[in-house]
Amino acid sequence: MFDLGKVNDRYLMIFFSIMVLAGPIILAPFGAGYPDLLQRFAIFGLFAIGFNILFGLTGYLSFGHAAFLGVGSYAAVWVFKLLTMNVIPALLLAVTVSGLFALAIGYVSLRRSGIYFSILTLAFAQMSYNLAYSVLTPITNGETGLQLTLEDPRILDAANDTGSLPSTNLFGLTMNSTAKFEILGMTFQFNVGFYFCALILILGFYLALRIFRSPFGLMLRAVKTNQTRMNYTGLNTRPYTLAAFVISGMYAGVAGGLMAITDPLAGAERMQWTASGEVVLMTILGGAGTLIGPVLGAGFIKYFENIFSKINDNVLHGWFAFLPDGLEDVVVGVLHFFVGKGWHLTLGIVFMLVVIFLPGGLIEGANRIIRRVLARKDKSNTTVSAPAE
Amino acid sequence: MDAILLQILNGLDKGSAYALIALGLTLIFGTLGVVNFAHGAVFMIGAFCAVTLQKLLKSYVVIVDPTKTDFLGNPLKVKVPYVEMWFGEAAGQAIINWTVPLAILFAIPIMLIVGYVMERGLIKHFYKRPHADQILVTFGLAIVLQEIIKAFYGANPIPTPAPDAFSGSFDFGVLLGFAENTIIYPLWRLIYFLFSALIIGMVFSFLQFTTFGMVVRAGMADRETVGLLGINIDRRFTLMFGIAAAVAGLAGVMYTPINPPNYHMGMDFLVLSFVVVVVGGMGSLPGAVLAGFLLGILESFASMNEVKTILPGIDQIIIYLVAIAVLLTRPRGLMGRAGMMED
């Protein structure tokens, strides 16, 4: 039986890389081909892949993953402030700091499982968020958020005498430089920052693929299926779950670092538990436990967030102009609640529908459709061959 | 001494809110075994019942009042609320003034219906699904409810004042022999505490002293056996869900004068009340109430200036710190039973 989750790894990897690298071309006709949004796709895709390594494989539902993202962001911005605007040290520090942070939190939280684990991670994340807002203001700059200033030392960089803030770069290649091409009336924008994020995303995806296929990944799945049995066979599962937790925290840290790289500021609101909820939504929506699912979910949410929040009543009136006047007003009046500022309502409803009817997420939905199509084909084959007997 | 007493009093009102929400969460969890992330949203809906009632009572009609004139001698147009037209001016104003207490009566049937619809319409289908699915679907529901409220009432907090009779404060210290003006406590907070104590008492005596409550308790202990005895336990549990929703809703109604309600108040309280439930012990009703008050009081102690100078920021994190400490040292919480959510 055909299954999207069982495509040959090499083809999957090639397909994924091409789709990501050609993102600016593929998505341009859908109005999503501009760098800012593409970067968000890549960053949140990476975040969701990391979350999926924990939730999809071990079944531990963390409600505090945004804390690692926030910590990664702060670390990266501090490198930009103190050392250099080069992105490599920033990314390295972001990974290290968030990994250590995840190690500490994971060590404590993983002593419990199930709902207690969720609450513990939630408590830790809320604690970090509250601290970042209040006491840690010297490090986090409180409500304003951590920003670059002209007075920052940046000891490794040449003196900045341009009078404007320097931008992040990779050995001189500026992150926000964009090459624009006009072909067939469409603008294609190739942005350095996006391609940097995209390369990291592909690398992260490859690592996740290897983890999924490794004995380690198998062990994590065994933990999800029946942890008690694993313990009875004499195996201590804690190191495995802790490793998964730290790895997924590091993914979140990289995502946070990339956020700071594409836009060098960091704020505490990135650590709030609603932000943690968002990555849960992405992963579940796409399909937890599948490789492609989380990236798909992240893209889906970020894309429709972008599209839906731009639709206002005027746009709706334009769409439904063909309806009779009274009916048009009614339709627009109803849809008004679901678009623009009401986008979260749509997201909530879609999410609930997915959890209720498609626990495997969009990937399972795609699988079901493909299977049904294939089954119909089989049936038509048999009916054709039947009279011949 | 007076400072300590003052902080205990200060902690009581927040503690009452925590205790009421946590009580509802525990009722749902203990009976149906469902982890309800939408319970904070139910609290918020309760608060918005009061807002709605206030809006309804203040709905007015514009009439020309011949007795009042502007400086040119023309009769003035005045806004007259319907209640003032129906019951006379003084009675009408009194009714509007007493919106929040009246909202209790208004909220009870609404919250029971909300709870009933939630359980029959959605939660029922999730009994056999893993806890993670229950968390996720109720989390989605919470988002939906909160966005609906936001769409109708906007994003800003809506002031809903307490009746004038209760808007002052109360010199608590005099009663206990302290000098005047040392322990001053807003009257409404005192009422909130008494009200929540009353509700908690009612819920406990309902469970303890009625046949219905006895059956529910039996069902909490062993659902299958109660079912085998020919009792329709599901229907009673559905009602308990409604009662839990009503308890949270009333907590929300009475909380509106303390903090003007906005659409995300539910989420703010939800996280804390989950922490409260876990500290008290999953599935233990007295534990939830005890932990609610304890954490409320602890939070208010931590926000004393003397404490904050020694440990800056402690007021922001004390509840979480306690929760982490309790979970790691007493995994079942303060009064938790064995075998609850151990898997």
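Protein chains in written order, with the numbering used here: chain A, 8 to 396; chain B, 287 to 629.
Just so it is clear, CB atoms sit at the ideal spot from N, CA and C, and this is done for glycine as well.
The model shown is predicted, which means the values in this text are computed figures rather than measured ones.
Since D16(A) sits in a beta bridge, which residues does DSSP pair it with? Translated into positions along the first sequence, residue 16(A) becomes position 9. D16(A) pairs with nothing; no bridge assigned.
If I follow the unbroken beta strand (DSSP E) through I439(A), where does it start and stop? Residue coverage of chain A in this structure runs from 8 to 396, which leaves residue 439(A) outside it and unanswerable.
G367(A) at chain B interface by Cβ criterion, 9 Å: The residue labelled residue 367(A) in the question sits at position 360 within the first sequence. G367(A) does not count as touching chain B.
Where do the N-terminal and C-terminal ends of the beta strand (DSSP E) with F188(A) fall, by residue? Locating residue 188(A) in the first sequence gives position 181, where the first residue counts as 1. Looking at the DSSP string, the run of the beta strand (DSSP E) that includes F188(A) is T185 to I190.
Assuming contact is defined by CB atoms lying nearer than 9 Å, are I318(A) and V346(A) in contact in what I supplied? Within the first sequence, residue 318(A) is the residue found at index 311, counting from 1. Within the first sequence, residue 346(A) is the residue found at index 339, counting from 1. Yes; because the gap between Cβ atoms is below 9 Å, this pair is in contact.
Answer yes or no: do F329(B) and M568(B) have a C-beta to C-beta separation smaller than 9 Å? Start at 1 with the first residue of the second sequence, and residue 329(B) comes out as number 43. Start at 1 with the first residue of the second sequence, and residue 568(B) comes out as number 282. No. Outside cutoff.
Between V27(A) and I209(A), which are expected to be in contact by the criterion C-beta below 8 Å, what is the C-beta distance as a whole number of angstroms? In the first sequence, the residue the question calls residue 27(A) occupies position 20. In the first sequence, the residue the question calls residue 209(A) occupies position 202. Rounded, the Cβ-Cβ distance is 6 Å, consistent with contact.
Between V322(A) and chain B, is there a C-beta pair that is closer than 9 Å? For the purposes of this step, residue 322(A) is taken as the residue at position 315 of the first sequence. So no, V322(A) is outside the interface.
Spatially closest choice to D508(B) from L306(B), A303(B) and G316(B), by CA coordinates: Indexing the second sequence from 1 puts residue 508(B) at position 222. Taking only the C-alpha atoms, the option nearest D508(B) is G316(B).
Comparing the C-beta of N319(A) with each C-beta of chain B, is any distance below 9 Å? Here the question's residue 319(A) lines up with position 312 in the first sequence. Not closer than 9 Å to any Cβ of chain B, the Cβ of N319(A) fails to qualify, so no.
Using beta-carbon positions only, say whether M289(A) and F54(A) come within less than 9 Å of one another. Residue mapping note: residue 289(A) aligns to position 282 of the first sequence, counting from 1. Residue mapping note: residue 54(A) aligns to position 47 of the first sequence, counting from 1. Result yes, Cβ atoms of M289(A) and F54(A) sit closer than 9 Å.
Is the beta carbon of G260(A) sitting closer than 9 Å to the one on L76(A)? Taking the first sequence and counting its residues from 1, the one referred to as residue 260(A) is at position 253. Taking the first sequence and counting its residues from 1, the one referred to as residue 76(A) is at position 69. Yes, these two residues count as a Cβ contact at 9 Å.
Put I470(B) into one of helix, strand or coil per three-state DSSP. Translated into the one-based positions of the second sequence, residue 470(B) becomes position 184. Of the three classes helix, strand and coil, the one that applies to I470(B) here is strand, per DSSP.
Rank L64(A), L177(A), G66(A) and A101(A) by C-alpha distance to the C-alpha of Y81(A) and give the top, closest one. If you number the first sequence from 1, residue 81(A) lands on position 74. Out of L64(A), L177(A), G66(A) and A101(A), A101(A) has the C-alpha closest to the C-alpha of Y81(A).
For C335(B), which option in T446(B), G310(B), Y478(B) and I604(B) has the closest C-alpha, if you only look at C-alpha atoms? For the purposes of this step, residue 335(B) is taken as the residue at position 49 of the second sequence. Checking every option, the nearest Cα to that of C335(B) belongs to T446(B).
How close, in whole Å, do the beta carbons of A333(B) and Y541(B) come, if the pair is a contact with beta carbons under 8 Å? On the second sequence, residue 333(B) is found 47 positions in, with the first residue counted as 1. On the second sequence, residue 541(B) is found 255 positions in, with the first residue counted as 1. Right, their Cβ atoms sit about 6 Å apart.
Going by the DSSP bridge assignment, what does I349(B) pair with across the sheet? Position 63 of the second sequence holds residue 349(B). Answer by DSSP bridge pairing, in chain order: V364(B).
Taking Cβ-Cβ distances shorter than 7 Å, what residues in chain A pair up with E433(B)? For the purposes of this step, residue 433(B) is identified with residue 147 of the second sequence, where counting begins at 1. Per Cβ cutoff of 7 Å: G349, H351, L352 and G355.
Pairwise C-alpha distance: V364(B) and A262(A): On the first sequence, position 255 is the one that residue 262(A) refers to. On the second sequence, position 78 is the one that residue 364(B) refers to. Near 59 Å, if we compare the C-alpha coordinates of V364(B) and A262(A).
In angstroms, rounded to a whole number, what distance separates the CA positions of L556(B) and G528(B)? In the second sequence, residue 556(B) corresponds to position 270, counting from 1. In the second sequence, residue 528(B) corresponds to position 242, counting from 1. Spanning the alpha carbons of L556(B) and G528(B) requires a straight line of approximately 18 Å.
Does E628(B) come within less than 9 Å of chain A when only Cβ atoms are used? Residue mapping note: residue 628(B) aligns to position 342 of the second sequence, counting from 1. Residue placement at E628(B) is flagged as unreliable, the pLDDT there being 49, under the threshold of 50; the coordinate-derived value follows with that caveat. The beta-carbon of E628(B) is placed less than 9 Å from the nearest beta-carbon of chain A.
Would you say Y606(B) faces chain A, with C-beta separation under 9 Å as the test? What you label residue 606(B) is simply residue 320 of the second sequence in a count that begins at 1. Output row for Y606(B): interface = yes.
Quick check on E285(A): buried or exposed, where buried means 16 or more other Cβ atoms within 10 Å of its Cβ? The residue labelled residue 285(A) in the question sits at position 278 within the first sequence. E285(A) should be labelled buried.
At the 9 Å Cβ level, is T281(A) part of the contact set with chain B, yes or no? Along the first sequence, one-based indexing puts residue 281(A) at 274. True, the Cβ-Cβ gap to chain B drops below 9 Å.
So H351(A) and E433(B) are supposed to be a Cβ contact under 8 Å. How far apart are they, rounded? As a first step, residue 351(A) must be located in the first sequence, where it is residue number 344. As a first step, residue 433(B) must be located in the second sequence, where it is residue number 147. Contact flag correct, Cβ pair sits at about 5 Å.
Taking the beta strand (DSSP E) that F456(B) belongs to, which residues open and close that run? Your numbering for residue 456(B) matches position 170 in the second sequence. Per DSSP, F456(B) belongs to the beta strand (DSSP E) from S455 to D457.
Rounded straight-line distance, which links the Cα of L343(B) to that of P449(B): Along the second sequence, one-based indexing puts residue 449(B) at 163. Along the second sequence, one-based indexing puts residue 343(B) at 57. Taking the straight line joining both Cα atoms gives about 14 Å.
Given 8 Å as the limit, tell me if F178(A) has its C-beta closer than that to any heavy atom belonging to the ligand FMN. Here there are no bound small molecules, and the ligand FMN is not part of this structure.
Is K284(B) helix, strand or coil by DSSP? With chain B represented from 287 up to 629, any question about residue 284(B) goes unanswered, as that position is not in the structure.
Where does I583(B) fall in DSSP's three states? Here residue 583(B) is taken as the residue at index 297 of the second sequence, counted from 1. Here I583(B) sits in helix by DSSP.
Mind pulling the alpha helix (DSSP H) runs of 4 or more residues that sit fully within the region 472-496 of chain B? Here the runs fully enclosed are 473-495.
Got a sec, what are the start and stop residues for the alpha helix (DSSP H) E150(A) sits in? In the first sequence, residue 150(A) corresponds to position 143, counting from 1. From DSSP, E150(A) is part of no alpha helix (DSSP H); its letter is neither H nor E.
Return the CA-CA distance between R472(B) and V350(B), expressed in angstroms with no decimal places. Within the second sequence, residue 472(B) is the residue found at index 186, counting from 1. Within the second sequence, residue 350(B) is the residue found at index 64, counting from 1. For the record, residue 472(B) in the displayed sequence is Pro; it is not Arg. Each residue's Cα considered, the two are about 40 Å apart.
Expressed to the nearest angstrom, what Euclidean distance is found between the alpha-carbon atoms of A609(B) and P543(B)? As a first step, residue 609(B) is located in the second sequence; it is residue number 323 there, counting from the start. As a first step, residue 543(B) is located in the second sequence; it is residue number 257 there, counting from the start. Looking at the two C-alpha atoms, the distance is approximately 29 Å.
Do I377(A) and A251(A) have their beta-carbon atoms positioned less than 9 Å apart in this structure? Position 244 of the first sequence, counted from the start, is the residue given in the question as residue 251(A). Position 370 of the first sequence, counted from the start, is the residue given in the question as residue 377(A). Contact flag unset, no.
Would you say L68(A) and I429(B) are within 9 Å of each other, going by their C-beta atoms? Start at 1 with the first residue of the first sequence, and residue 68(A) comes out as number 61. Start at 1 with the first residue of the second sequence, and residue 429(B) comes out as number 143. In this structure, I429(B) does not lie closer than 9 Å to L68(A) by Cβ.
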